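Here the protein sequences come in this chain order: Y and B.
The opening residue of the first sequence carries number 1 in full-length UniProt numbering; numbering runs sequentially from there.
The opening residue of the second sequence carries number 1 in full-length UniProt numbering; numbering runs sequentially from there.
Where a beta carbon is used, it is the ideal one built from N, C-alpha and C, also for glycine.
Because the structure is a prediction, the values reported are computed rather than measured.
2 protein chains.
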Amino acid sequence: MSGGGTTAYGRKSFQRSKAHFTDRITADGQDGWPVEAGRYRLVVSRACPWASRAVISRRLLGLEGALSLAIADPIQDDRSWRFTLDPDDRAPVLGIRFLGEAYDRRETDYPGGVSVPAIVDVPSGRLVTNDYQRITLDLATEWTALHREGAPDLYPEARRDEIDAVMADVYEDVNNGVYRAGFATGQDEYEGACARLFRRLELLAQRLAGQRYLVGDQTPGFGDTVDFDHIKRHYYQVHSSINPTGIVPLGPDLPGWLTPHHRQELGGRPFGDGTPPGPVPEAEQVPARGRP
Amino acid sequence: MSGGGTTAYGRKSFQRSKAHFTDRITADGQDGWPVEAGRYRLVVSRACPWASRAVISRRLLGLEGALSLAIADPIQDDRSWRFTLDPDDRAPVLGIRFLGEAYDRRETDYPGGVSVPAIVDVPSGRLVTNDYQRITLDLATEWTALHREGAPDLYPEARRDEIDAVMADVYEDVNNGVYRAGFATGQDEYEGACARLFRRLELLAQRLAGQRYLVGDQTPGFGDTVDFDHIKRHYYQVHSSINPTGIVPLGPDLPGWLTPHHRQELGGRPFGDGTPPGPVPEAEQVPARGRP
Chain Y
1 MSGGGTTAYG RKSFQRSKAH FTDRITADGQ DGWPVEAGRY RLVVSRACPW ASRAVISRRL
61 LGLEGALSLA IADPIQDDRS WRFTLDPDDR APVLGIRFLG EAYDRRETDY PGGVSVPAIV
121 DVPSGRLVTN DYQRITLDLA TEWTALHREG APDLYPEARR DEIDAVMADV YEDVNNGVYR
181 AGFATGQDEY EGACARLFRR LELLAQRLAG QRYLVGDQTP GFGDTVDFDH IKRHYYQVHS
241 SINPTGIVPL GPDLPGWLTP HHRQELGGRP FGDGTPPGPV PEAEQVPARG RP
Chain B
1 MSGGGTTAYG RKSFQRSKAH FTDRITADGQ DGWPVEAGRY RLVVSRACPW ASRAVISRRL
61 LGLEGALSLA IADPIQDDRS WRFTLDPDDR APVLGIRFLG EAYDRRETDY PGGVSVPAIV
121 DVPSGRLVTN DYQRITLDLA TEWTALHREG APDLYPEARR DEIDAVMADV YEDVNNGVYR
181 AGFATGQDEY EGACARLFRR LELLAQRLAG QRYLVGDQTP GFGDTVDFDH IKRHYYQVHS
241 SINPTGIVPL GPDLPGWLTP HHRQELGGRP FGDGTPPGPV PEAEQVPARG RP
């Protein structure tokens with residue numbers, strides 16, 4: 001499982017289950033977890049696209065100082081995500097070796113999978129949420145008091161219906177579609193998933209023909225949080241039922257998003273009344289090996 | 001093994017062994033196998049790049065009538081190449097179910113692998129040669145009496161040193177290089193093979209920058225003998241240690257060689273004093289499913 005909820009592989013088709021821990025961290029603390037600077041730690045893997053979304057939101061909103069970050073090793077073992085990139089194989093601040101320990105402190109013998117992104121309450125060491133879809137929305141709408149000056153509105157009220165509709169299609173056919181194709185165990189299943197994925201990509205390309213972003217003037221923020229080394233090592237070394245040699249392919253030399261795209265010529269105000277974020281804090285920069 | 005000599009896969013790096021049966025079919029019959037119309041059968045798999053070279057030469061030289069063709073199933077079983085595409089799973093003319101039977105008639109208990117391309121003597125049913133490099137050269141130089149009118153000279157005397165030198169590099173770094181990369185069992189081995197392959201491709205691209213072909217005005221002949229269905233099914237379904245799901249990827253929609261390349265603008269006389277071949281005989285046309 002790469003994150004984003006528990007995923008079941010095997011002889012049946014790919015299924016992504018809903019996140020089990022769905023408490024919300026909110027301004028009013030309705031679930032017992034009020035927004036508070038320095039209290040929580042966001043645990044991610046840079047290999048995980050679902051976690052990357054949370055990392056990007058945190059960065060655009062300038063929440064680095066308020067919500068600290070733990071980065072798991074892209075290679076899991078049978079106890080799932082682990083902190084083997086850190087000194088003594090132990091996450092700083094949280095002091096745990098496996099993300100699963102925070103799950104255990106929250107619910108003993110929880111039988112589900114351990115996934116990222118996850119937010120852990122630092123004082124108690126307990127998992128608060130692994131609800132990958134909700135985390136990003138709440139960073140945008142509930143953590144506003146801690147946003148940087150000039151932070152863009154990532155989920156503007158007037159656009160929510162449109163955003164939700166577009167994202168439902170993207171989620172089903174693209175985000176999950178690539179897993180359905182990649183983890184297919186039969187030819188028909190694979191071809192069906194590919195057909196659906198590429199049909200959706202064509203529809204999205206049509207949508208993007210005349211506008212810079214999928215919805216409105218929404219905000220760019222992709223690139224400097226991406227760690228290709230982690231992404232590739234995770235997918236090619238962990239899933240040995242698909243890639244038994246564990247060999248990681250070389251490339252790409254230069255991802256497409258670094259080449260001039262001229263899409264700014266389509267106009268729009270990508271940060272609305274806000275401003276772009278500053279550079280990534282040094283401690284969180286992607287090492288040269290994984291940088292595109 | 002896809003053909004072109006016995007190949008050893010496993011926990012050590014990829015090795016291609018020399019063909020074991022190296023008798024030559026020549027104009028003077030020096031090895032007991034004189035060139036003779038209708039006597040021999042060329043056994044190939046359209047999945048095998050080494051066999052494809054023999055098929056292309058045969059076609060350019062107009063040897064279809066003189067040297068008949070047997071096409072093996074792209075999916076081997078543990079007895080190797082078989083004729084399961086044919087009625088009763090038996091090769092017409094040769095009457096055998098496995099290419100290995102022709103090997104057995106030649107040498108009892110031959111311990112090596114069964115490879116294509118192979119030429120079988122129809123009257124005796126015995127294998128003559130599986131020397132994939134020699135077969136093509138001899139079609140060009142020894143079978144001249146049976147060439148079609150206007151057949152190009154595929155191995156002109158004045159160019160042989162240059163052809164041999166270029167082909168030695170292509171053979172080592174490209175033809176075998178893709179196998180070394182694809183069948184690598186370790187990361188370093190894979191990366192080394194890739195580096196060597198792409199370094200060679202760059203050198204070849206430099207060579208091709210100012211001239212249409214790798215050597216002289218040499219002859220085009222690529223495309224209508226290529227069966228993508230066979231190629232893909234072979235490599236993705238046979239090599240289960242690399243691709244355990246056996247899923248065959250979709251695509252490509254349109255191979256690059258069908259898009260206009262404008263390379264004819266570099267000039268040259270691709271067929272020399274000869275002419276292009278006619279259309280592929282109907283019985284040997286690549287079925288629509290495998291056609292690019």
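Option in the options with minimal Cα separation from residue i
{"i": "residue 188/Y", "options": "286/B, 159/B, 206/B and 246/B", "result": "246/B"}
{"i": "residue 313/Y", "options": "15/Y, 74/Y and 166/Y", "result": "This structure cannot speak to residue 313/Y, because chain Y is shown only from 1 to 292."}
{"i": "residue 140/Y", "options": "280/Y, 252/Y, 59/Y and 243/Y", "result": "59/Y"}
{"i": "residue 16/Y", "options": "231/Y, 281/Y and 131/Y", "result": "131/Y"}
{"i": "residue 197/B", "options": "46/B, 172/B, 102/B and 94/B", "result": "172/B"}
{"i": "residue 134/B", "options": "21/B, 280/B and 252/B", "result": "21/B"}
{"i": "residue 105/B", "options": "123/B, 70/B and 88/B", "result": "123/B"}
{"i": "residue 238/Y", "options": "272/Y, 119/Y and 79/Y", "result": "79/Y"}
{"i": "residue 77/Y", "options": "69/Y, 115/Y and 154/Y", "result": "115/Y"}
{"i": "residue 25/Y", "options": "14/Y, 18/Y and 41/Y", "result": "41/Y"}
{"i": "residue 125/B", "options": "204/B, 176/B and 98/B", "result": "98/B"}
{"i": "residue 271/Y", "options": "240/Y, 230/Y and 212/Y", "result": "212/Y"}
Counted within 10 angstroms of its Cβ, other Cβ atoms place residue i as buried (16 or more) or exposed
{"i": "residue 152/B", "result": "buried"}
{"i": "residue 210/B", "result": "exposed"}
{"i": "residue 5/B", "result": "Confidence at residue 5/B is low in this model, with a pLDDT of 45, below 50, so its placement is unreliable and the value that follows should be read with caution. That one is buried."}
{"i": "residue 162/B", "result": "exposed"}
{"i": "residue 219/B", "result": "buried"}
{"i": "residue 143/Y", "result": "buried"}
{"i": "residue 64/B", "result": "buried"}
{"i": "residue 50/Y", "result": "buried"}
{"i": "residue 282/Y", "result": "exposed"}
{"i": "residue 257/B", "result": "exposed"}
{"i": "residue 95/B", "result": "exposed"}
{"i": "residue 120/Y", "result": "buried"}
{"i": "residue 138/B", "result": "buried"}
{"i": "residue 230/Y", "result": "buried"}
{"i": "residue 286/B", "result": "buried"}
{"i": "residue 35/Y", "result": "buried"}
{"i": "residue 274/B", "result": "buried"}
{"i": "residue 277/B", "result": "buried"}
{"i": "residue 207/B", "result": "exposed"}
{"i": "residue 91/B", "result": "buried"}
Below-8 Å beta-carbon distance, residue i vs any chain B residue
{"i": "residue 71/Y", "result": "no"}
{"i": "residue 194/Y", "result": "yes"}
{"i": "residue 140/Y", "result": "no"}
{"i": "residue 190/Y", "result": "yes"}
{"i": "residue 242/Y", "result": "yes"}
{"i": "residue 61/Y", "result": "no"}
{"i": "residue 238/Y", "result": "no"}
{"i": "residue 11/Y", "result": "Low per-residue confidence applies at residue 11/Y: pLDDT is 42, beneath 50, and the placement is therefore not dependable, though the value from the model is reported in the following sentence. Not one chain B Cβ lies under 8 Å of residue 11/Y."}
Residue i at chain Y interface by Cβ criterion, 8 Å
{"i": "residue 14/B", "result": "no"}
{"i": "residue 245/B", "result": "yes"}
{"i": "residue 51/B", "result": "no"}
{"i": "residue 5/B", "result": "Low per-residue confidence applies at residue 5/B: pLDDT is 45, beneath 50, and the placement is therefore not dependable enough to give any value."}
{"i": "residue 184/B", "result": "yes"}
{"i": "residue 187/B", "result": "yes"}
{"i": "residue 266/B", "result": "no"}
{"i": "residue 250/B", "result": "yes"}
{"i": "residue 288/B", "result": "no"}
{"i": "residue 279/B", "result": "no"}
Nearest-angstrom Cβ-Cβ length linking residue i and residue j, presumed shorter than 8 Å
{"i": "residue 146/Y", "j": "residue 37/Y", "result": "6 Å"}
{"i": "residue 250/B", "j": "residue 194/Y", "result": "5 Å"}
{"i": "residue 62/B", "j": "residue 148/B", "result": "2 Å"}
{"i": "residue 44/Y", "j": "residue 117/Y", "result": "5 Å"}
{"i": "residue 23/Y", "j": "residue 129/Y", "result": "5 Å"}
{"i": "residue 55/Y", "j": "residue 225/Y", "result": "5 Å"}
{"i": "residue 200/Y", "j": "residue 178/Y", "result": "The pair is not a contact, with the Cβ atoms about 11 Å apart (cut-off 8 Å)."}
{"i": "residue 82/B", "j": "residue 72/B", "result": "6 Å"}
{"i": "residue 227/B", "j": "residue 46/B", "result": "4 Å"}
{"i": "residue 263/B", "j": "residue 215/B", "result": "Not confirmed; about 14 Å, so no contact."}
4-residue-minimum alpha helix (DSSP H) runs that sit fully inside the segment 118-204 of chain B, ordered along the chain: 132-141, 160-169 and 176-182
Ordered list of beta strand (DSSP E) runs contained in the segment 2-86 of chain Y, each at least 3 residues: 40-44 and 68-71
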